[in-house]
Every structure is written in C-alpha cells, then in structure tokens.
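Residue numbers (this note's numbering): 3 to 271. Glycine included, each C-beta is placed from N, C-alpha and C at the ideal position. Notes follow once the structure below has been shown.
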C-alpha cells in the first residue's frame, strides 16, 4: 500500500483559528513572545540597565554580534544554532498563513514572480535608508543618547564573516516576515486601519532596537514607518526582506571595517 503526501498534508488549507477574535489575539501574542516581542522586552530591560548606570548612555559600549565562547568550535555551534532557531517563528508564521493555491505565501506578500525588480527596489532602499540611518546614528552619538556599538573583529575566526552574513539573513527574514507580513495580515483581519497597523508595527520594531539607545529607537521607528507604508502601498514583502538583509550586511561587515579605520568617529578609541 502506498501513501501519497502533498503540501496540504503539512499545511492548513484554512486558518486554524477562524471566527474567534480572542483566539487571534492569543495567536499574535504567542508568535510575538517567541520571537521579536521577547526581544522587545529584553531590549527595554537592557536600556533601563544602561540608563541607570553611573556613566551616561553615550559613554557606554554595546557589543554587536559578540563571540559566545572562547573555544572556536563552541562559538560556531552556539552562534549557528542560535540563528537557525531564531528562524523557527518564521516557519510557524508561514504555516499559519499558508494557502493551498499558488502563490502559497501571498498573504505574507511573498511571491517570486519579479525577482529582478524586487532586487532593484531593494538596492534603492539600501541607499534611501542607509545614509539617513548613519546620520541619525552620528547625531545620537554627538548628543550622547546613543551607545557606541563595538563590532566583532572580522578576523577573529575563519567563520566570523560567514556567521555575520547568516546573522544578516536571519534578521532580515525574521523581522520583515513577522513584523510586516504576519502582523499586518493579522491586525488587518481584526479590523485595524492602515495607519494604526503601520504605527504599531514601527513602534514594535523600534522597541526591540532600544538596546542601541535613543538613536537606535528613532532610526528604526522611521524605518518601520517607511517599510510599513511601502508594504501597504505595493503589497510586496521580498524587496523589504532583501533590503533589510543588505542593510545588515553593510552594518555587520562594513561597520567593523569603518570602526577599525576611524575608531574616534564611532566612540571606540
């Protein structure tokens, strides 16, 4: 006897939570608390820690992608495992919003019919977002309300750069799929208006970046407002995902190079 298995065996044809607003809110809370909502809570605690220390926030340093162990193989294992497990909520969200007909992830704004155009728009967003982001960071450092970011040395281990690229991929996919694709779909189904959703999602994004200080909060708030507006205007998530990945590649790999060349500019001298 043979058994035929297709995608419908693994993914729900209809929403598992239909007709119940309370169930929908429970679902949203659970998804956020195992992903970026938890990060927001930790970030609030961390900024409270920084703000209550004797030194001002502007004189403190936050490690960016720090090593997890002084033994290379354990450091690699810890970091790789952490990044892979952080993608599990994305799988959960895809399962919740999967639909039987193609494109399967259209409710998340994910289609693969225009890869060239999506990549082009992502490049434009990299320039539009990256330059103002650097300006806000520099202003925050100058005003003493943004902590200095200490990057990982790129030559620390043979796997440092590959892990940083994986970290950029994980951050771009996780944040945009959950904060934009999933949250916008669910809040829209609950009757929220366009701008209510955009602002709420942007505040969430800004909050889980609070560990960077006030500058990190406001730069990510503006990024969230822009990405949210673009998503509600065009309904495509992939350009935002790709742009986020590219922005983080520049931040994780380009920032250590710049900080090494001009440490005084970044408060690391």
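Straight through space, the alpha carbons of residue 112 and residue 118 are spaced by roughly 14 Å.
Residue nearest to residue 110 within the set 141, 134, 188 and 35 is 188 (criterion: CA-CA distance). Within its own chain, the residues whose Cβ lies closer than 7 Å to the Cβ of residue 226, once the five positions on either side in sequence are excluded, are 203, 204, 207 and 208, listed in chain order.
Cβ neighbours of residue 138 within its own chain (closer than 7 Å, five residues either side excluded): 217, 220 and 221.
The DSSP-derived three-state label of residue 155 is coil. Remark: C-beta atoms of residue 46 and residue 53 do not approach each other more closely than 8 Å. Boundaries of the alpha helix (DSSP H) harbouring residue 87: 74-88, taken from the DSSP string.
With contacts defined as CB atoms closer than 8 Å, residue 127 and residue 245 qualify as a contacting pair. Between the stretch 192-199 and the stretch 158-172 there are fewer than three inter-stretch CB-CB distances shorter than 8 Å, so the stretches are not counted as touching. Within the DSSP secondary-structure output, residue 148 pairs in a beta bridge with 215. CA-CA distance, residue 151 to residue 108, rounds to 37 Å.
Looking at the DSSP output, residue 66 shares a beta bridge with 153.
Between residue 182 and residue 242 a beta carbon distance of about 6 Å is seen, short of the 8 Å cut, so the two are scored as contacting. Taken in chain order, the complete alpha helix (DSSP H) segments of 4 residues or longer contained in the stretch 122-205 are 162-177 and 185-191. The C-beta separation of residue 250 from residue 149 comes to about 18 Å, leaving the pair out of contact by the 8 Å criterion. Shortest Cα-Cα distance from residue 200 to any of 235, 172 and 22 involves 235.
Counting only the Cα atoms, residue 248 lies some 10 Å from residue 255.
Residue 258 is positioned such that its CB atom lies no closer than 8 Å to that of residue 91.
The residues 192, in chain order, have a CB closer than 7 Å to that of residue 23 in the same chain once the five nearest residues on each side in sequence are set aside. Beta-carbon to beta-carbon, residue 177 and residue 38 are separated by about 7 Å, close enough to satisfy the 8 Å threshold.
Here the C-alpha atom of residue 145 lies approximately 11 Å from the C-alpha atom of residue 215. For residue 210, same chain residues with a beta-carbon under 7 Å away, outside a window of 5 residues either side, are 38, 41, 42 and 45 in chain order.
Scanning its chain for C-beta atoms nearer than 6 Å, with the 5 sequence neighbours on each side dropped, one finds around residue 30 the residues 188, in chain order. Judged by DSSP secondary structure, residue 253 falls outside any alpha helix (DSSP H); it is assigned neither H nor E. Taking every protein chain shown into account, the CB of residue 114 has fewer than 16 other CB atoms within 10 angstroms, so this residue is exposed.
Between residue 80 and the set 165, 239, 237 and 173, the nearest pair of CA atoms involves 165. The straight-line gap separating the alpha-carbon atoms of residue 55 and residue 131 is approximately 32 Å.
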